[in-house]
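Residue numbers (the working numbering): 4 to 206. Think of the CB as a built atom: it goes at the ideal place given N, C-alpha and C, for glycine as much as any other residue. Structure first, then comments.
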Amino acid sequence: ITAQETYNAAALLMKQVGFSEKDTKLALGEVVLISAGVMSRPKQEKDRFTTLYLEANNDMLVRWKNRLWEPLRAMFSWATHKLRIEKLSDRSLRISATVNKQNFEVKKKKDGQTFKEKFNGLMPKWFPVKSYHELPRYVTEDENLSSFARIVKYGMANAIARDRLLAPLELLSPPAGVTGADAEAFKAKVEKAADTKKRWFNF
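Below you can see the structure in the form of structure tokens.
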């Protein structure tokens with residue numbers, strides 16, 4: 004809601020000071036939005052900011068929202084467990100995957116040692132259904148917790164360091180400083196998720 008209202012207000016003010024519709028869209032397209040646990044309607048917002056929409060297939064809040072607005076896609080999304088990157092427009096991508104049910108993530112210390120850090124669920128422990136809508140599931144660097152691992156971090160790093168307008172898929176490149184096996188593994192993960200050749204359906 005905040006991102007949408009920001010876009011609407013900025014577009015209105017720009018037009019009031021003399022920007023054309025085309026120039027307004029071009030300028031606002033330079034803004035990068037990384038939206039985790041999307042509660043809006045990506046297909047209706049695909050030509051606004053340059054956007055990465057992250058949706059967990061088993062995120063209960065996202066699934067309820069999709070059943071309301073995109074019932075056919077929601078019906079099949081439960082079966083898609085692997086990371087999937089879908090181009091919605093020249094300025095937006097929808098990134099979906101199934102997150103693991105564990106309530107901890109593995110983090111690294113400065114000396115390279117790892118440790119487990121627990122995080123609280125969105126729903127109380129006594130509630131019979133888990134939401135899987137918790138932010139760590141989207142912004143983690145732990146590949147065992149979520150296939151979204153490092154996507155938000157690398158996307159933000161590339162957005163901050165850019166000196167030109169980047170296509171959404173370019174935001175999903177290993178940023179400067181990430182080299183070797185880590186960079187190659189991340190590139191392979193993104194390339195495989197973005198490959199549409201073998202898909203027999205597209206929702």
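Pair within 9 Å by beta-carbon distance, residue i and residue j
i	j	result
F189	Y141	no
A184	R87	no
P177	A164	no
L91	K46	yes
K18	T27	yes
A162	L174	yes
L148	F107	yes
A30	F22	yes
Q7	E48	yes
M42	K25	no
Beta-bridge pairing of residue i - partner residues as DSSP gives them
i	result
K119	V109
A39	L57
R87	S99
S92	S95
Best match in the options for proximity to residue i [C-alpha to C-alpha]
i	options	result
K104	V155, V132, L91	V132
V193	L168, M42, S150, R44	S150
K110	S134, E144, R97, S95	E144
G40	L64, N147, A152	L64
R44	A12, S23, L96, E33	L96
D93	P139, V181, P171	P171
A152	L16, K85, S134	K85
Unbroken alpha helix (DSSP H) run spanning residue i, endpoints
i	result
I154	154-164
K133	That residue, K133, is in no alpha helix (DSSP H); it is neither H nor E in DSSP.
Q19	5-19
A191	183-197
E173	First-last for E173: undefined, no H or E at that position.
T27	24-31
Original post:
Just checking, does the segment 43-55 make contact with the segment 122-130 on the three C-beta pairs under 8 Å criterion?
Top reply: Output reads no: the segment 122-130 does not touch the segment 43-55.
Original post:
Is the segment 112-121 close to the segment 152-172, with three or more CB pairs under 8 Å?
Top reply: Not touching, per the Cβ criterion.
Original post:
Are three or more beta carbon pairs between the segment 91-106 and the segment 59-66 nearer than 8 Å?
Top reply: Touching, per the Cβ criterion.
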